[in-house]
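According to the working numbering, the sequence shown is numbered sequentially starting from 2.
No residue lacks a Cβ here, since even glycine has one placed at the ideal position from N, Cα and C.
In this text, all values refer to a predicted model and were calculated from it rather than measured experimentally.
Notes for the one structure printed next.
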Amino acid sequence: MTKQDYLYEPLEAFGEGLTTRRPWNTQALAGVERLNGRVAMLGFAAALIGEWLTGCGPAGQVLALLRWYLS
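Here it is as structure tokens:
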């Protein structure tokens, strides 16, 4: 066998990465997570408004869009 030129990161418990000392920027990770949460809230609000306007849930709206697109 040849010498391995790669190193695996050690396994860690779920959620441990942001609470231990690591070489990554935790401020940037916090900003990304905040942005992901806000976009998810916008998507959820859009699904509720779409359901209120059409009377169909999110899956029904996607199916209606597919039917319209394929026809």
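Straight-line CA distance for residue i to residue j?
{"i": "Q28", "j": "A41", "result": "20 Å"}
{"i": "L30", "j": "N37", "result": "10 Å"}
{"i": "A46", "j": "E52", "result": "10 Å"}
{"i": "D6", "j": "L64", "result": "49 Å"}
{"i": "L49", "j": "R39", "result": "15 Å"}
{"i": "G56", "j": "Y9", "result": "50 Å"}
{"i": "R35", "j": "L43", "result": "13 Å"}
{"i": "G61", "j": "W69", "result": "12 Å"}
Can you tell me where the alpha helix (DSSP H) holding residue i begins and where it ends?
{"i": "Y70", "result": "59 to 71"}
{"i": "G56", "result": "Neither: G56 is in no alpha helix (DSSP H) and is coded neither H nor E."}
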